[in-house]
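Everything in the sequence shown is counted per this note's numbering, starting at 970 for the first residue and increasing by one. Ideal Cβ placement from N, Cα and C applies to all residues, glycine included. What follows is a set of notes on a single structure, which appears directly below.
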Amino acid sequence: MQKIPDPNAVFPNEYGTTCFLKNVITAPNIFVGDYTYYDDPVDPAGFEKNNVLFNWPEFGDRLIIGKFCQLASGVRFVMGSANHRLGSASTYPFNVFGGAWTENTPPHLSQLPFKGDTVVGNDVWIGRDSVVMPGVHIGDGAIVAGFSVVTKDVEPYTLVGGNPARFIRRRFSPELTGLLQQLCWWDLPPRQLADLLPVLCDTDLERAMPALRRALEQRQERGAENEI
């Protein structure tokens, strides 16, 4: 039986530039799924320190990244505590500098706008040096072009790019998109996924569609059997 890559390995291949992120995350508010990797020739295992900016867990927001995501070198996530107070005469964070400034101002974090969790779906590719702003949701199968700044939500299976990132096109037909969203191949057991890889990597989408439908039918049948 062929060996399946270990999702618990820090460096899963011989190149040493690719890191399975879930195995190096320590912050209590960052959650990463199996096989999601960050690729960096300098310090791939330093992603949490170098690429998740202004992360203060006590602020209350989370970074949630799904399975099988591909994060290129320089991809950064800006967390909510990077913001400043917006509704007052000055945006300056007087409170953090101590003395009378601290005594005469409300606690700094309590005044910041709260954008909520930043959520990246499954099988998302984020290109080199892109920045994802606080509270953004990126859907399954989306692609973010390199050097983009993502300021608003990205729909599943779409391509966006630019500063700010804008919709460029849909990746697939509505039929194929719906099929993939139903199949959720990233949740398949490892051996079943390995058997499906020729279909997932087939660039002839018309040929792949019937095989994907069969895979969905088989999964639904197994689910029905488990409910009996």
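Residue j beta carbon less than 8 Å from that of residue i
i, j, result
"Asn998", "Arg1045", "no"
"Val1118", "Ile1107", "no"
"Lys1245", "Val1105", "Any property of residue 1245 remains undetermined from this structure, which presents the chain solely from 970 to 1197."
"Leu1157", "Leu1165", "yes"
"Leu1149", "Gly1110", "yes"
"Leu1002", "Phe1028", "The sequence shown places Gly at residue 1002, not Leu. Cβ atoms of Gly1002 and Phe1028: not closer than 8 Å."
"Lys1036", "Trp1155", "yes"
"Arg1138", "Leu1128", "yes"
"Asn1024", "Ala1041", "no"
Through-space distance from residue j to residue i, alpha-carbon basis
i, j, result
"Ser1142", "Pro1125", "12 Å"
"Cys988", "Gln1189", "33 Å"
"Val1021", "Val1047", "6 Å"
"Ile994", "Phe1000", "8 Å"
"Lys1084", "Gln971", "45 Å"
"Leu1185", "Ala1051", "42 Å"
"Val979", "Tyr1004", "10 Å"
"Gly1043", "Ala1114", "13 Å"
"Tyr984", "Lys1018", "22 Å"
"Thr1172", "Phe1063", "56 Å"
"Cys1038", "Gly1096", "11 Å"
"Ile1034", "Leu1152", "19 Å"
"Arg1182", "Ile973", "24 Å"
"Pro976", "Val1065", "41 Å"
"Arg1176", "Arg1140", "17 Å"
"Thr1163", "Val1123", "This sequence places Ala at residue 1163; Thr is not what is there. C-alpha separation (whole angstroms): 29 Å."
"Thr986", "Asp1098", "16 Å"
"Met1178", "Gln1187", "14 Å"
"Pro1082", "Tyr1061", "14 Å"
"Pro1167", "Pro981", "21 Å"
"Ile1112", "Phe1136", "10 Å"
"Phe1016", "Ala1180", "37 Å"
"Pro1159", "Pro1103", "33 Å"
"Pro1013", "Leu1169", "27 Å"
"His1053", "Gly1147", "40 Å"
"Phe1116", "Gln1161", "35 Å"
Opening and closing residue of the beta strand (DSSP E) in which residue i lies
i, result
"Val1089", "Thr1087 to Val1089"
"Thr987", "Thr987 to Phe989"
"Phe1046", "Arg1045 to Val1047"
Boundaries (first-last residue) of the alpha helix (DSSP H) holding residue i
i, result
"Asp1164", "Pro1159 to Leu1169"
Taking 8 Å as the cut-off, does the region 1000 to 1015 touch the region 1050 to 1062 (at least 3 CB pairs, one atom from each stretch)? No: the two stretches stay apart, fewer than three of their Cβ pairs being nearer than 8 Å.
Given 8 Å, three or more beta-carbon pairs between the region 1065 to 1073 and the region 1081 to 1096: For the pair of segments examined, the region 1065 to 1073 was found not to touch the region 1081 to 1096: the number of CB pairs separated by less than 8 Å stays below three.
Beta strand (DSSP E) runs contained entirely in the region 1095 to 1144, provided each spans 3 or more residues: Counting only runs of 3 or more, we get 1127 to 1130 and 1135 to 1139.
Any chance the region 1072 to 1079 sits against the region 1132 to 1149, with 3 or more Cβ pairs inside 8 Å? With a cut-off of 8 Å, the region 1132 to 1149 and the region 1072 to 1079 do not count as touching, because too few Cβ pairs lie within range.
Sequence ranges, beta strand (DSSP E) only - wholly within the region 983 to 1070, length at least 3: For the region 983 to 1070, the continuous beta strand (DSSP E) assignments of 3+ residues that do not extend past its boundaries occur at 987 to 989, 999 to 1001, 1006 to 1008, 1032 to 1034 and 1045 to 1047, in sequence order.
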